[in-house]
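J.: The structure's right below; bear with me while I get my questions together.
Chains as they are written, first to last, in our numbering: chain A, 1 to 389; chain B, 390 to 778.
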């Protein structure tokens, strides 16, 4: 005796590109919020990354002015400023602040929470929005390279718990994502650069042509050419979203997770450095490590390995961090190796690590040899000297 | 310039009926857990409702014995006992205990959390499972009439927060639901009876035939006939799951929520009585109130109204609670009326209340007249005398 339940849910959202989102003449945000129509004015609550607000102190008044000019949207409450960066995910403090405005301002499942900031803030606010009243409409406005081209356009959210990255979270597609390129102009050097590692990642596993474009435009990108960056963000976001929808596994029920190429070591390095190394910087080192590993394992030839490491270096990334080695500096850090098991545990099931065999082509391995990991780390020590700048 | 993201997720799970689930010869649980195959033994963590464990002190050893006899499944940790009833959802204490075993026993996205208990425990454990590592496989084993026929077979989970029912939660279909009818034999009178209100509800809005069957079998059901109860649970669960899959809105993005017929007043009454009135009992009163309202509004004729109230009463439900009136007992309790706005807020959008115009046929209204609510309350005062027992 049994009953089978079976249904499908269609998820659809747009990733919209604009500049000067809160200029009074820009209709985009108003159009997105009111697209389903409503008799009454629609309530919105803004949550803003403190780092962004410090750089752009006029932002709140621009937002308030923008909303006051629209007929069909209303501020539910004054914008909430939350701490930015990984700290926003490390305790439940900022998270509960977001839940509190939902409660206090009576934000319901037809109202909107709009998050403006870097990837960590978007992850945290996205998670709060996804579980308050079982899910409130949520718009992401990513303001860093990393969040505009990668984390902000995807379907994951979360906070850290028990000291573990993204221990709590879920898969919850946003209502919309709006990439305003002008936010990138006030980024500091590290944030401008660090998001580009995800573009290299997605090029390596998906698209040779994009890799060639990155090689050609490395100098323009380093020199903060906004048009080059717009192309990088758009193409990277497109490859990322195509992967999600074409993977047959958007909510990652299986063990394979190619978009996490280079991430097992990156996650561990962020943890070991107490997030002093930024995610994008850690991903660059993680990519470098797995590329060097692929060379030692015989998956990649030496010229291709060098070419990839050179691109990372040309874009300004360090390829090495001292914590890849133990305190004596003569052996691989045993803590780093533990990152493999933690990565497996978070994914669940069998250990599955994405490897690259040609630029733009990936495959999966199910174990990593610690001897080759050690060799890969020492390759990075050598290359660090070669590309020192 | 925009990118459109678009994908669908198919959700499928079985609601399986059995008796004596943990008898060594019953293959069901083992078959469900191992159905996807695995080279290694699969980890399971059990979370058990304290109320059930108190009634069935041999349960844990039966479970341990059952699991020890299976080749491909392993206990991840000793079973966790959690407080049952609404208390389990009222603070984050029990919730964090569930998250802790996931962390401590390294339960990953391919391992299982199995919850055994009443609806509140299933809601709480289901929510913890849905957000730890962005979702762990979760099996629900409901042990009350209410959870076997209604809450346990659906897609919602949650805990209370800010003093509000289900303020935190999400939509997360379980891996499977297993209804073991033998669990119902140790229920106390109130729990045996109270779950039947959801069966009356779903009959009223969906299926006249089921209503007629309930009328015919009211005495057998009251007398704890297990075969009659099995039929009630199966048909109610079937109507409930059919509604979810045929509604075009399984995750309730719209404002209409017919399965919440009778629930606006029920939620408020649970809150006003500090959950001393059980959910099923409150739903019976909520149904009675909305049926009496429908009569005063001219939607339902008096004989049909009486027939519905009589069935509720025959199954042993009270139709009235003193907190429907204010302290003077002469007017409707103004707190009750506030329940309408709270209900609207939790659903979001426009107030949408399901009404019945014939047995088995529903429609929506978007306002409720407080004069008719008052009349309906006083109708219940009269009927309470009529059906006093």
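Just so it is clear, CB atoms sit at the ideal spot from N, CA and C, and this is done for glycine as well. It should be emphasised that the depicted structure is a prediction, and the values quoted were computed from it without experimental measurement.
Take residue 273 of chain A as the anchor and find which of A/233, A/253, A/322 and A/296 has the nearest alpha-carbon.
T.: Nearest C-alpha to residue 273 of chain A: A/322.
J.: Using 8 Å as the cut-off, can you tell me whether the stretch 114–131 of chain A makes contact with the stretch 147–163 of chain A, which would need three or more C-beta pairs spanning the two stretches below that distance?
T.: Yes: the two stretches touch, three or more of their Cβ pairs being nearer than 8 Å.
J.: Taking 7 Å as the threshold (beta carbon to beta carbon), is residue 728 of chain B in contact with chain A?
T.: With 7 Å as the cut-off, residue 728 of chain B does not count as an interface residue toward chain A.
J.: Taking 8 Å as the cut-off, does the stretch 70–82 of chain A touch the stretch 41–53 of chain A (at least 3 CB pairs, one atom from each stretch)?
T.: These segments touch.
J.: In chain B, which residues lie with their C-beta within 8 Å of the C-beta of residue 2 of chain A?
T.: By Cβ distance, chain B contributes 403, 404, 405 and 406.
J.: Given that residue 245 of chain A touches chain B, what residues does it touch there, using C-beta distances under 8 Å?
T.: Near residue 245 of chain A (Cβ distances below 8 Å), the residues of chain B are 394, 395 and 396.
J.: Kindly confirm or deny that the stretch 221–231 of chain A and the stretch 305–312 of chain A touch, where touching means at least three C-beta pairs closer than 8 Å.
T.: Contact between the stretch 221–231 of chain A and the stretch 305–312 of chain A is absent, because fewer than three Cβ pairs lie under 8 Å.
J.: So is residue 551 of chain B buried or exposed if we call it buried at 16+ other beta carbons inside 10 Å?
T.: Exposed: under 16 other Cβ atoms inside 10 Å.
J.: Is DSSP giving residue 702 of chain B helix, strand or coil here?
T.: Residue 702 of chain B falls in the helix class under three-state DSSP.
J.: Using a Cβ-Cβ cutoff of less than 8 Å, which residues in the same chain neighbour residue 413 of chain B once the five nearest sequence positions on both sides are dropped?
T.: Closer than 8 Å at Cβ, skipping near neighbours: 454, 455 and 458.
J.: Spell out whether any CB of chain A is found under 7 Å from the CB atom of residue 646 of chain B.
T.: Judged by the 7 Å Cβ criterion, residue 646 of chain B is not in contact with chain A.
J.: Who are the neighbours of residue 412 of chain B on chain A, taking C-beta pairs under 9 Å?
T.: Neighbours of residue 412 of chain B on chain A: none; closest Cβ ~17 Å, over 9 Å.
J.: Closest to residue 325 of chain A by CA distance: which of A/189, A/211 and A/378 is it?
T.: Among A/189, A/211 and A/378, the Cα nearest to that of residue 325 of chain A belongs to A/378.
J.: Here's a check: name, in chain order, each residue in its chain whose Cβ is nearer than 6 Å to the Cβ of residue 191 of chain A, leaving out the five neighbours to either side.
T.: These residues qualify, in order along the chain: 144.
J.: Select from the stretch 22–55 of chain A all residues with a C-beta closer than 9 Å to any C-beta belonging to chain B, and list them in chain order.
T.: Cβ contacts with chain B come from 38, 39 and 40.
J.: Which word fits residue 270 of chain A, buried or exposed, when buried means at least 16 other C-beta atoms lie within 10 angstroms of its C-beta?
T.: It is buried - the Cβ of residue 270 of chain A has at least 16 other Cβ atoms within 10 Å.
J.: Provide the residue span of the beta strand (DSSP E) that contains residue 253 of chain A, from first to last.
T.: Premise fails: residue 253 of chain A is in no beta strand (DSSP E) and is neither H nor E.
J.: Can you grab the Cα-Cα spacing for the pair residue 435 of chain B / residue 410 of chain B, in whole Å?
T.: One C-alpha to the other measures close to 14 Å.
J.: Determine contact between the stretch 202–219 of chain A and the stretch 126–142 of chain A, defined as no fewer than three beta-carbon pairs at a distance below 8 Å.
T.: The stretch 202–219 of chain A vs the stretch 126–142 of chain A: no contact.
J.: As a quick exercise: from A/152, A/54, A/101 and A/315, pick the residue whose alpha carbon is nearest that of residue 13 of chain A.
T.: The shortest Cα separation from residue 13 of chain A among A/152, A/54, A/101 and A/315 belongs to A/152.
J.: When DSSP builds the beta bridges, which residues end up paired with residue 531 of chain B?
T.: Paired residue(s): B/506.
J.: With 7 Å as the threshold, decide whether the Cβ of residue 755 of chain B is near any Cβ in chain A.
T.: Answer no: the Cβ-Cβ gap between residue 755 of chain B and chain A never drops below 7 Å.
J.: Can you tell me where the alpha helix (DSSP H) holding residue 773 of chain B begins and where it ends?
T.: Residue 773 of chain B -> alpha helix (DSSP H) spans 759–775.
J.: Suppose you measure from the CA of residue 389 of chain A to the CA of residue 314 of chain A; what does that come to, to the nearest Å?
T.: Confidence is the limiting factor: at residue 389 of chain A the pLDDT is only 46, short of 50, which leaves the residue's position unreliable and the question unanswerable from this model.
J.: Kindly list, in the order they appear in chain A, the residues whose Cβ is closer than 9 Å to that of residue 716 of chain B.
T.: Ordered by position in chain A, no residue passes the 9 Å Cβ test against residue 716 of chain B, which lies about 27 Å from the chain.
J.: Measure the C-alpha to C-alpha separation of residue 104 of chain A and residue 96 of chain A and round it to an integer number of angstroms.
T.: Each residue's alpha carbon lies about 12 Å from the other.
J.: Compare the C-alpha of residue 176 of chain A against each of B/672, B/417 and B/391 and name the closest.
T.: It is B/391 whose Cα lies nearest to the Cα of residue 176 of chain A.
J.: If you run the structure through DSSP and keep just helix, strand and coil, what is residue 778 of chain B?
T.: For residue 778 of chain B, the predicted model reports a pLDDT of 46, less than 50, meaning its position is unreliable; a value from the coordinates is still stated below. In the structure shown, residue 778 of chain B sits in coil (DSSP, three-state: anything other than H, G, I, E or B).
J.: Closest by CA to residue 707 of chain B, which one among B/673, B/507 and B/689?
T.: Residue B/673 is the option with its Cα nearest to residue 707 of chain B.
J.: Looking only at its chain, what residues have a beta carbon closer than 6 Å to the beta carbon of residue 621 of chain B, apart from the 5 residues adjacent to it on each side?
T.: The answer, listed in chain order, is 588.
J.: By the 10 Å Cβ neighbour count, where 16 or more other Cβ atoms means buried, how is residue 354 of chain A classified, buried or exposed?
T.: Classification of residue 354 of chain A: buried, given that the 10 Å Cβ count is 16 or more.
J.: From the beta carbon of residue 552 of chain B, is the nearest beta carbon of chain A less than 7 Å away?
T.: Residue 552 of chain B does not count as touching chain A.
J.: Could you tell me which residues DSSP pairs with residue 361 of chain A in its beta bridges?
T.: Looking at the DSSP assignment, residue 361 of chain A forms a beta bridge with A/358.
J.: Would you list, in sequence order, the uninterrupted alpha helix (DSSP H) runs of no fewer than 4 residues that lie entirely inside the stretch 552–596 of chain B?
T.: Counting whole runs of 4 or more residues, the stretch 552–596 of chain B contains the alpha helix (DSSP H) stretches 578–583 and 585–595.
J.: Is there at least one Cβ from chain D nearer than 7 Å to residue 515 of chain B's Cβ?
T.: Looking for chain D here will not work: the only protein chains present are A and B.
J.: Find out if the Cβ-Cβ distance for the pair residue 411 of chain A, residue 256 of chain A is shorter than 7 Å.
T.: Residue numbering for chain A in the displayed model covers 1 to 389; residue 411 of chain A lies beyond these limits and cannot be assessed.
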